[in-house]
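Student: Would you mind keeping the following structure in view while I ask a few things?
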Amino acid sequence: MLYAAFFAVFLLSSAAALLAQAVPEYVVRNIRPDANAAPGTAAVMFEIENVGSSASAAGIVRLVVVATGGEIASQSIPPLSAGEFETFRFEIPVDAYKPGQRVSFGVLIDLPGGAPPTGSGQFDGQIGIVIPAVGTPAPIDAAQPARPTIFGISITNPLVVIGLLGGVGALLIFIWFASMIARMFLIPPPTFGAWQPPYATNPMIDPNSIAGRRQLWQQHAQSDALTLPCNPNSYMVRKLPTGIDGRKLSSWRVTGIRLSQYDMYGRVDRSQTIIKPSLVKRLDRMVRRCAENPLPAQQIERLARPIADRLIRALFAKAGRRNLGLPIALDIRLSGAADEVEVLFELHRCTGQGWELIDRWQTDLYATDSRVLENFTYTLFGQQKNEPFKAFRQRLRDDLVRLLTGMLFQPPLQEEKIDFDALEPVDFAALAETISIEPTGAPRPMSETARTPSASAQDTSPHPPSPDR
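The opening position of the sequence shown corresponds to residue 135 in the numbering used here, with each subsequent residue numbered one higher.
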């Protein structure tokens, strides 16, 4: 935008140079009768303006009778600068004319080295006056518009107009530049803030009871996604923020998005990217739209692609090429009114063909104020070995679109009966080996998300892995 503005000013300056004349050129402006003429005379007034280059020598202006060419009077014209004008007044004796007679008078300008007359015919200006009776002022022949000026400067001069346009353009550029600097210093950068799970934890509950097992499983839920493919007989828990109407993400608002890379020690601080509020608001509008009027998956994908593209641009702008192999974490912060939102948890077991729901429960929430904060953490693989950058960018875009589509997709509100007695016994030793307790700073990478199932569950669940295993 800045280059375009400078280019426009350059064009205006070039046009001004082309319009400038090599010699002075005087023109007659606003020729009119003067009603304040002395008795027995008629008066004519007009301005002479220099629309060419500055004059260095004086000139002469003559008032003549058009019919006979006889000169009535003449006056000297001082040298006028470019764009400058001077007012002249001539008094005409009316003794030689009859009252009521119409007489045409012409103005001739004699300027050394000047341009020829530009008025009608051979005159620089011409006016017709009705001769008044002796003792009465001359009537105005025709209404003449007032000369347009700004602070005493004529705006009919092309050079003045071009100068004004250039000044306005320069002022707009300065205002834009000043606003950008003000935004840098006055508007604080977006922040993500710390997050604590809002789930009520009761240390007095027996960890071997159903409520105790569920309470321990809640600590391992990172998002609403289920990884695919899965290892047979492995377990995974996910959380589903809902509204009191039972719809996913109903009454929840998106308040922040963060992208970062992580290694075996946790998140890499220098790669952390806080997404701008404009993109956060766009995703928030999509969440509310899909919660109120569920959309098909194909339409959600079309809406999610522009968001995925902007997320990738923000990530690559912060991350270096040497760090593209690190896994990527996408954090989405949610907020909802404490009396309008709920959080459901689902425990799934991998059967080899996919995930199977074995337990579902609703947890109690607590909040220090009227709002409840929730957090989704999605993880994606970085650039693989020998993977071209273009292919990696396309794969990352597809993964982000898939994750956002799974997050926004509304599962059908239907009840599915599950026979928990028919499930095989849970091997807790194998469970401890398949699920590891990972630090908060190193979320689990996932390559694909499974579709959200909908089912009703009974009070049963396997024992979650304990930290000492």
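Glycine included, every Cβ here is placed at the ideal spot set by N, Cα and C.
So what's Trp-495 in DSSP terms, helix, strand or just coil?
Tutor: In the sequence shown, counting from the first residue as 1, residue 495 sits at position 361. Correct three-state label for Trp-495: strand.
Student: With DSSP as the reference, label Lys-410 as helix, strand or coil.
Tutor: Here residue 410 refers to the residue found at position 276 when the sequence shown is read from its first residue. Residue state, collapsed to three classes: coil.
Student: Take every Cβ of the segment 395–412, pair it with every Cβ of the segment 459–475, and state whether three or more of those distances are shorter than 8 Å.
Tutor: Verdict: yes, contact present.
Student: Looking only at its chain, what residues have a beta carbon closer than 7 Å to the beta carbon of Arg-444, apart from the 5 residues adjacent to it on each side?
Tutor: In the sequence shown, the residue the question calls residue 444 occupies position 310. Leu-413.
Student: What would DSSP say about Leu-429, mapped onto helix, strand or coil?
Tutor: Taking the sequence shown and counting its residues from 1, the one referred to as residue 429 is at position 295. Coil at Leu-429, not helix or strand.
Student: With burial defined as no fewer than 16 other Cβ atoms inside 10 Å of the residue's Cβ, what is the status of Tyr-399: buried or exposed?
Tutor: As a first step, residue 399 must be located in the sequence shown, where it is residue number 265. With fewer than 16 other Cβ atoms within 10 Å, it is exposed.
Student: Taking the C-alpha atoms as reference points, what is the distance between Met-541 and Asp-358?
Tutor: Walking along the sequence shown from the start, residue 541 turns up at place 407. Walking along the sequence shown from the start, residue 358 turns up at place 224. Each residue's Cα considered, the two are about 7 Å apart.
Student: Can you tell me the Cβ-Cβ gap for Ile-243 and Ile-226, rounded? I've got them flagged as a contact below 8 Å.
Tutor: Counted from its first residue, the sequence shown places residue 243 at position 109. Counted from its first residue, the sequence shown places residue 226 at position 92. Incorrect: roughly 18 Å between the Cβ atoms, too far for contact.
Student: Check for me: the alpha helix (DSSP H) holding Ser-313 runs from which residue to which?
Tutor: In the sequence shown, residue 313 corresponds to position 179, counting from 1. From DSSP, the alpha helix (DSSP H) with Ser-313 extends over 292–320.
Student: Compute the Euclidean distance between the alpha carbons of Arg-223 and Gly-300, then round it to the nearest angstrom.
Tutor: Residue mapping note: residue 223 aligns to position 89 of the sequence shown, counting from 1. Residue mapping note: residue 300 aligns to position 166 of the sequence shown, counting from 1. Spanning the two alpha carbons is a distance of roughly 36 Å.
Student: Within 10 Å of its beta-carbon, does Gly-390 have 16 or more other beta-carbons around it, so buried, or fewer, so exposed?
Tutor: Here residue 390 is taken as the residue at index 256 of the sequence shown, counted from 1. Result: buried.
Student: Judging by CA-CA distance, which residue of Arg-439, Val-195, Trp-495 and Glu-508 is the nearest neighbour of Asp-532?
Tutor: Taking the first residue of the sequence shown as position 1, residue 532 is located at position 398. Nearest option by C-alpha distance: Arg-439.
Student: Quick check: the segment 516–531 against the segment 403–422, are at least 3 beta-carbon pairs closer than 8 Å?
Tutor: As far as the Cβ criterion goes, the segment 403–422 does not touch the segment 516–531, which means the pair count is below three.
Student: Could you tell me if Arg-447 is buried or exposed, where buried requires 16 or more neighbouring beta carbons within 10 angstroms of its beta carbon?
Tutor: Here the question's residue 447 lines up with position 313 in the sequence shown. Its Cβ having fewer than 16 others within 10 Å, Arg-447 is exposed.
Student: Looking at the structure shown, is Ser-238 part of a helix, part of a strand, or coil, going by DSSP?
Tutor: Translated into the one-based positions of the sequence shown, residue 238 becomes position 104. Of the three classes helix, strand and coil, the one that applies to Ser-238 here is strand, per DSSP.
Student: Taking C-beta to C-beta, are Val-477 and Thr-502 nearer than 8 Å?
Tutor: Here the question's residue 477 lines up with position 343 in the sequence shown. Here the question's residue 502 lines up with position 368 in the sequence shown. Going by C-beta atoms, Val-477 is not nearer than 8 Å to Thr-502.
Student: Please work out which residues of its chain come closer than 6 Å, Cβ to Cβ, to Gly-346, disregarding the five sequence neighbours upstream and downstream, and give them in chain order.
Tutor: Against the sequence shown, residue 346 aligns to sequence position 212. These residues qualify, in order along the chain: Ile-339 and Asp-340.
Student: Could you round the C-beta distance between Val-228 and Thr-175 to whole angstroms and report it? I think they count as a contact, below 8 Å.
Tutor: Translated into positions along the sequence shown, residue 228 becomes position 94. Translated into positions along the sequence shown, residue 175 becomes position 41. Confirmed, Cβ separation roughly 6 Å.
Student: Hey, Glu-508 and Ser-385 are a contact pair by Cβ (cut 8 Å); roughly how many whole angstroms apart?
Tutor: Against the sequence shown, residue 508 aligns to sequence position 374. Against the sequence shown, residue 385 aligns to sequence position 251. 12 Å between Cβ atoms; not a contact.
Student: Between Ala-442, Pro-213, Gln-528 and Leu-293, which lies nearest to Leu-245 when the distance is taken from Cα to Cα?
Tutor: The residue labelled residue 245 in the question sits at position 111 within the sequence shown. Taking only the C-alpha atoms, the option nearest Leu-245 is Pro-213.
Student: Less than 8 Å between the beta carbons of Tyr-333 and Leu-499, yes or no?
Tutor: As a first step, residue 333 must be located in the sequence shown, where it is residue number 199. As a first step, residue 499 must be located in the sequence shown, where it is residue number 365. Yes, they are a contact pair.
Student: Which residues in the same chain have their Cβ closer than 7 Å to the Cβ of Ala-192, if we skip the five residues on either side of it in sequence?
Tutor: The residue you call residue 192 lines up with position 58 of the sequence shown. Excluding residues within five positions, the ones whose Cβ falls inside 7 Å are Ser-210, Ile-211, Pro-212 and Pro-213.
Student: Taking Cβ to Cβ, would you say Trp-489 is nearer than 8 Å to Leu-360?
Tutor: For the purposes of this step, residue 489 is taken as residue 355 along the sequence shown, with counting starting at 1. For the purposes of this step, residue 360 is taken as residue 226 along the sequence shown, with counting starting at 1. It is a contact, given that the beta carbons lie within the stated cut-off.
Student: Identify every residue that forms a DSSP beta bridge with Thr-376.
Tutor: Residue mapping note: residue 376 aligns to position 242 of the sequence shown, counting from 1. Lys-382 and Glu-476.
Student: Thr-485 and Gln-356 - do their beta-carbons sit closer together than 8 Å?
Tutor: Here residue 356 refers to the residue found at position 222 when the sequence shown is read from its first residue. Here residue 485 refers to the residue found at position 351 when the sequence shown is read from its first residue. The answer is no: Cβ separation not under 8 Å.
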